[in-house]
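Position 14 of the sequence shown, counting from 1, maps to 42 under the working numbering, and the rest follow consecutively.
The beta carbon of each residue, even a glycine, is placed where N, CA and C say it ideally should be.
Here the structure is a predicted model, which is why all the values come from computation and not from measurement.
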Amino acid sequence: MTDRRRFLQLGLAGTAALATGCAATTLEDRNGTAPARPGAPRGPVFLSTWDHGLEAARKGWNVLQAKGTVLDAVEQGVMLIESDLGSRSVGLGGLPDRDGRTTLDACIQTHEGLAGAVACLEDIEHPISVARAVMERTPHVMLVGEGAKQWALDNGFPEKKVDLPEVRQAWQEWLAKSAYKPVVNIENHDTIGLLGVDGTGRLAGSCTTSGLAFKIHGRVGDSPIIGGGLFVDGDVGAACATGLGELVIRIAGSHTVVELMRQGMEPGAACKEAVQRILRKNPGLTEQQVGFLALRKDGAYGAHAIYSGFNFAVRTAEDDRLLESPYERKWG
Ligand code: ASP
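Shown next, in the form of structure tokens:
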């Protein structure tokens, strides 16, 4: 199982860069934004949430190198994590809802703003691919629950039943107390979002999750909501979110970040403003995490979170590492 039960650490490359004070960008140095390199070729950039983002961003990069499109790249990058039955927050190994059912949410969006999404989908390994198929093969944007599953089966996605003893045990332990309290930076919420821009400035984004552990059956978070957990606008850039989805949905979080970039804010500043908006609207908020990533179409990127502990991966021609997001409050 991927060990994400820890606070973030810089990847080795990042640590070395910081230690030597070399030119590698740290987001802390730059108020949350890594600028595009003036005059440099706008090479591809992939950003992805949490530790598992490293693998997803690398995969996205490799898909582009193999002449795939940026849309293929963001789909295939997160498919890797969906297939990891060791993940308790993405895919069929994810922690269940309070009825013991693992339900999956995902969405994908293109440079042009076409979008597909599924919510509360069960027993399908790749919700992100169903989301893409909804976008490409139907006149709709989102399918949910039984209807989504039926449509997926009818369209060639195989049913896959997964029953993991450790997941069942976690649910039974939860049932004994039935206490519902999302925990900051612990993988009862560790959605994977992947944003990419190719060498020509074409963008795409994907987002996939099993959502909050032990949620009410039928609960849908921000992750499959276009404008909530993900938003892509080829004229401006892309953003994605992780954390307590209800907080993100209420401010249309990823859309907000992209719109702030449209108005001229740097990516990191746009993420920061979205986080601060959440805090302003929820004055009593404690112990709930939200993090945003933003990628501008020129390759500049940024991040911001409520609490320390949100990390993300960046893959560019020069970088292949985890970075720590700037934050508003120190956790712990
Ligand atoms: N945003 C997801 C949800 O609310 C969970 C997460 O990102 O951690 O379902």
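Problem set entry | Where N339 falls: helix, strand or coil (DSSP) | strand
Exercise. Regarding G175 and the ligand ASP, is the C-beta to nearest heavy atom distance less than 7 Å?
Worked result: no
Problem set entry | Where the alpha helix (DSSP H) containing M293 begins and where it ends | Where M293 is concerned, there is no enclosing alpha helix (DSSP H), given that its DSSP letter is neither H nor E.
For this session: Excluding the 5 residues preceding and the 5 following K243 in the sequence, name in chain order all residues of the same chain whose CB lies nearer than 6 Å to its CB.
Result: D125
For this session: Can you have a look at L351 and say buried or exposed, based on whether 16 or more other CB atoms are within 10 angstroms of its CB?
Result: buried
For this session: Return the CA-CA distance between P311 and L181, expressed in angstroms with no decimal places.
Result: 45 Å
For this session: Could you check what DSSP says for Q317 in three-state terms: helix, strand or coil?
Result: coil
For this session: Starting from the C-beta of K87, find all residues in its chain whose C-beta is less than 7 Å away, skip the five residues before and the five after it, and write them out in chain order.
Result: Q104, G105 and L108
Exercise. Among residues of its own chain, excluding the 5 on either side of V285, which ones have a beta-carbon nearer than 6 Å to its beta-carbon?
Worked result: A267, A298, C299, A302, F320 and A322
For this session: Decide if the region 217 to 227 is in contact with the region 193 to 202; the criterion is three or more beta carbon pairs, one per stretch, under 8 Å apart.
Result: no
Problem set entry | Status (buried if at least 16 other CB within 10 Å, exposed otherwise) for E294 | buried
Exercise. Going by beta carbon distance, what residues of the same chain come within less than 8 Å of E56, once the five residues before and after it are set aside?
Worked result: Because the pLDDT at E56 is just 47, under 50, the model does not fix this residue reliably, and the value given afterwards should be weighed accordingly. Closer than 8 Å at Cβ, skipping near neighbours: E352 and P354.
For this session: Using alpha carbons as the reference points, say which of K205, H154, V118 and E274 lies closest to F185.
Result: H154
Exercise. To the nearest angstrom, how far is it from the Cα of D100 to the Cα of A204?
Worked result: 43 Å
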